[in-house]
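J.: In the UniProt record's numbering, the protein residues as written are 1 to 406. For each residue, glycine too, the CB sits at the ideal point set by N, CA and C. A single structure is presented below for examination.
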Ligand code: FSX
Ligand code: SF4
Ligand code: F3S
């Protein structure tokens, strides 16, 4: 009885604490936005609201989008107006976007939707001071624009970098413009003067396909070429929501988000594909696609046996999807290839076969439980690893070491 009473008091205290915490946070974020609002916008012509209206987006749609973003950033729904406000203030922070060695899929993910989404329209609206794919300038003019933008907005701009960076004696594999400047030099210079740095896409976050074995250009992640702190937004490509969400989070908080062991924002990369997968019920029931096109594939069974790497991959693809929220790899019928994990080209193959016993030899190699902020995730992975081992007693099983000829 006494225990029950204590519990009740503790619960009340907890609730009050939680409430206080939320209201304090609300106030803190509101003040941050008031401060930003006082700054002059870089887009003088029109407000975001006007911009959206002109593109046929109603206020109602915008508020629905803000509510979805609020949930995605793991904030209470009462914070929606703040998210909407943060979006309208996205022209207060100038952005410099550099391209290194990559396929430009990251920019495409954001911008090349058949009908522009609110995310892409916001990107259209923000003060993009330099973006090689989008700007009209080229050659000397482009270089001049970059230097001017860095100088003009020193210490105030957000740097977004797409692509892996050839380094060291191979740095000249990526030489930009008439000055003969390497991508590495350019990335270092832009990083030195940035307010915040986001590595957009797996290439920039972890090296990506350029850095895959044998890595002929010595390509590296952005975080390896600058000593500044880098927030990684991986995925090959990342979803538009994860890119815009990272930006919104920074506008709202002005600080780094909670990050995992690979410096990925936890709100986006805190859970595994496997934990959020619509086929998970089939995995648990032991119902697998045995080969592409079979009856199991038609029934939407689990893709683990045909190579899905969802159990080893941290991302929120099933929630955000791609192409205007239309679909995502597993919905389309192919397993996840682990595209938001470090070195996935080298460690997740063969892409259409299970990893099976290679679990601890791959992405988590050298990551003791204490070395990662995601102890729970790794713990779960270990347990699931056992589950997988049980499910993985399959006829197609092959030791990947054999298949790699090691
Ligand atoms: Fe890399 Fe982005 Fe993959 Fe491509 O540029 S993350 S190759 S989708 O586009 O950097
Ligand atoms: Fe989904 Fe892949 Fe996990 Fe199967 S193995 S439940 S397809 S994430
Ligand atoms: Fe990449 Fe897997 Fe998502 S392949 S896009 S992390 S489902």
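Report whether the distance from the Cβ of residue 235 to the nearest heavy atom of the ligand F3S is below 7 Å.
T.: Taking the first residue of the chain shown as 1, we reach residue 235 at position 235. Checking every heavy atom of the ligand F3S against the Cβ of residue 235, one is found closer than 7 Å.
J.: Are there 16 or more other CB atoms within 10 angstroms of the CB of residue 360, so buried, or fewer, so exposed?
T.: To locate residue 360, count along the chain shown from 1; it is residue 360. With a pLDDT of 36 at residue 360, under the threshold of 50, the predicted position of this residue should be treated as unreliable, and no value is reported.
J.: What is the DSSP secondary structure of residue 322, reduced to helix, strand or coil?
T.: As a first step, residue 322 is located in the chain shown; it is residue number 322 there, counting from the start. Strand.
J.: With DSSP as the reference, please indicate the residues paired to residue 232 in a beta bridge.
T.: Along the chain shown, one-based indexing puts residue 232 at 232. Answer by DSSP bridge pairing, in chain order: 199.
J.: Per DSSP, what are the beta-bridge partners of residue 128 in this structure?
T.: As a working mapping, residue 128 is identified with position 128 in the chain shown. Answer is 95, bridged to residue 128.
J.: Using DSSP with H/G/I as helix, E/B as strand and the rest coil, what is residue 259?
T.: Numbered from 1 along the chain shown, position 259 holds the residue referred to as residue 259. If DSSP states are grouped into helix, strand and coil, residue 259 belongs with the strands.
J.: Flag residue 208 as yes when its Cβ comes closer than 7 Å to any non-hydrogen atom of the ligand FSX, and as no otherwise.
T.: As a first step, residue 208 must be located in the chain shown, where it is residue number 208. Under cutoff, so the answer is yes.
J.: Taking one C-beta from the region 306-320 and one from the region 266-277 each time, how about it: are there three or more such pairs within less than 8 Å?
T.: Yes, the region 306-320 touches the region 266-277.
J.: With distances taken Cα to Cα, identify the nearest neighbour of residue 55 among 40, 100, 75 and 125.
T.: Residue mapping note: residue 55 aligns to position 55 of the chain shown, counting from 1. Per the Cα distances, 125.
J.: Three or more C-beta pairs under 8 Å: does that hold for the region 233-249 against the region 79-94?
T.: They touch, by the three-pair rule.
J.: Can you find a heavy atom of the ligand MG that lies under 7 Å from the Cβ of residue 204?
T.: As far as ligands go, the structure on display features the ligand FSX, the ligand SF4 and the ligand F3S and does not contain the ligand MG.
J.: Is residue 175 near the ligand F3S, judged by its Cβ being under 7 Å from some heavy atom?
T.: Looking up residue 175 in the chain shown gives position 175. Outside the cutoff, so no.
J.: When you compare each of 206, 233 and 188 to residue 225 by their alpha carbons, which one comes out closest?
T.: Your numbering for residue 225 matches position 225 in the chain shown. Among 206, 233 and 188, the Cα nearest to that of residue 225 belongs to 188.
J.: If we count the other Cβ atoms within 10 Å of its Cβ and call it buried at 16 or more, is residue 350 buried or exposed?
T.: In the chain shown, residue 350 corresponds to position 350, counting from 1. Per the 10 Å Cβ criterion, exposed.
J.: Could you compute how far the alpha carbon of residue 165 sits from the alpha carbon of residue 199?
T.: For this step, residue 165 is matched to residue 165 along the chain shown. For this step, residue 199 is matched to residue 199 along the chain shown. In a straight line, the C-alpha of residue 165 is about 11 Å away from that of residue 199.
J.: Using C-beta distances below 7 Å, list every residue in its chain close to residue 193, excluding the 5 sequence neighbours before and after it, in chain order.
T.: Indexing the chain shown from 1 puts residue 193 at position 193. Correct list, in chain order: 150, 154 and 155.
J.: Based on DSSP bridge pairs, tell me the residues matched to residue 283.
T.: Walking along the chain shown from the start, residue 283 turns up at place 283. Answer is none; residue 283 lacks a bridge partner.
J.: Which of helix, strand or coil does DSSP assign to residue 348?
T.: Here residue 348 corresponds to residue number 348 of the chain shown, with the count starting at 1. Coil at residue 348, not helix or strand.
J.: Under 7 Å Cβ to Cβ from residue 79, same chain only, skipping five residues before and after it: list those, please.
T.: Numbered from its first residue, the chain shown carries residue 79 at position 79. Cβ neighbours of residue 79 beyond the five flanking positions: 26 and 70.
J.: Just jot down, in chain order, the residues whose CB lies closer than 7 Å to any heavy atom of the ligand SF4.
T.: Per the Cβ criterion, the list is 273, 274, 277, 279, 280, 282, 283, 302, 303, 304, 308, 310, 311, 330, 335 and 336.
J.: Just list the residues that DSSP pairs residue 161 with in beta bridges.
T.: In the chain shown, residue 161 corresponds to position 161, counting from 1. According to DSSP, residue 161 bridges with 98 and 199.
J.: With a threshold of 7 Å, establish whether the CB of residue 139 neighbours any heavy atom of the ligand FSX.
T.: Against the chain shown, residue 139 aligns to sequence position 139. No, Cβ of residue 139 sits at least 7 Å from all heavy atoms of the ligand FSX.
J.: Express the C-alpha separation of residue 208 and residue 129 in angstroms, rounding to a whole number.
T.: Position 129 of the chain shown, counted from the start, is the residue given in the question as residue 129. Position 208 of the chain shown, counted from the start, is the residue given in the question as residue 208. Distance between the alpha carbons of residue 129 and residue 208: 26 Å.
J.: Given this structure, state the Cα-to-Cα distance separating residue 195 from residue 41, to the nearest angstrom.
T.: As a first step, residue 195 is located in the chain shown; it is residue number 195 there, counting from the start. As a first step, residue 41 is located in the chain shown; it is residue number 41 there, counting from the start. Roughly 17 Å separates the two Cα atoms.
J.: Taking residue 81 as part of the alpha helix (DSSP H), name the residues at either end of that continuous run.
T.: As a working mapping, residue 81 is identified with position 81 in the chain shown. Residue 81 -> alpha helix (DSSP H) spans 80-88.
J.: If I measure Cβ to Cβ from residue 61 and keep anything under 6 Å in the same chain, skipping five residues before and after, which residues do I get?
T.: As a working mapping, residue 61 is identified with position 61 in the chain shown. Once the five neighbours on either side are set aside, residue 61 has no close Cβ partner at all.
J.: Flag this pair as yes or no: are the beta carbons of residue 81 and residue 22 separated by less than 8 Å?
T.: By one-based count along the chain shown, residue 81 stands at place 81. By one-based count along the chain shown, residue 22 stands at place 22. Cβ atoms of residue 81 and residue 22: not closer than 8 Å.
J.: For residue 111, collect the residues of the same chain with a Cβ closer than 6 Å to its Cβ; drop the 5 residues on either side in sequence, then sort them by chain order.
T.: For this step, residue 111 is matched to residue 111 along the chain shown. Once the five neighbours on either side are set aside, the close Cβ partners of residue 111 are 120.
J.: Indicate whether residue 135 and residue 95 have their beta-carbon atoms separated by less than 8 Å.
T.: Along the chain shown, read from residue 1 onward, the residue named residue 135 stands at position 135. Along the chain shown, read from residue 1 onward, the residue named residue 95 stands at position 95. Cβ distance not < 8 Å, so residue 135 and residue 95 don't count as in contact.
J.: Return the bridge partner residues of residue 185 from the DSSP annotation.
T.: Position 185 of the chain shown, counting from 1, holds the residue named residue 185. Residue 185 is not bridged to any residue.
J.: DSSP beta-bridge partners for residue 265?
T.: Within the chain shown, numbered from 1, the residue matching residue 265 stands at position 265. BP columns for residue 265 point to 259.
J.: Who are the near neighbours of residue 354 in its chain, counting only those whose CB is closer than 7 Å to its CB and skipping five residues on each side?
T.: As a working mapping, residue 354 is identified with position 354 in the chain shown. Result list for residue 354: 304, 305, 307 and 392, in chain order.
J.: Using DSSP bridges, identify the partner residues of residue 141.
T.: Translated into positions along the chain shown, residue 141 becomes position 141. According to DSSP, residue 141 bridges with nothing at all.
J.: In three-state DSSP terms, what is residue 34?
T.: Working through the chain shown from its first residue, we reach residue 34 at position 34. Correct three-state label for residue 34: helix.
J.: For residue 206, which residues from the same chain have a beta carbon less than 7 Å from its beta carbon, with the 5 sequence-adjacent residues on both sides left out?
T.: The sequence position of residue 206 within the chain shown is 206, counting from 1. For residue 206, where only same-chain residues beyond five positions count, the Cβ hits under 7 Å are 221, 234, 342 and 343.
J.: From residue 177 to residue 138, what does the alpha carbon distance come to, in whole angstroms?
T.: If you number the chain shown from 1, residue 177 lands on position 177. If you number the chain shown from 1, residue 138 lands on position 138. Those two C-alpha atoms are separated by around 9 Å.
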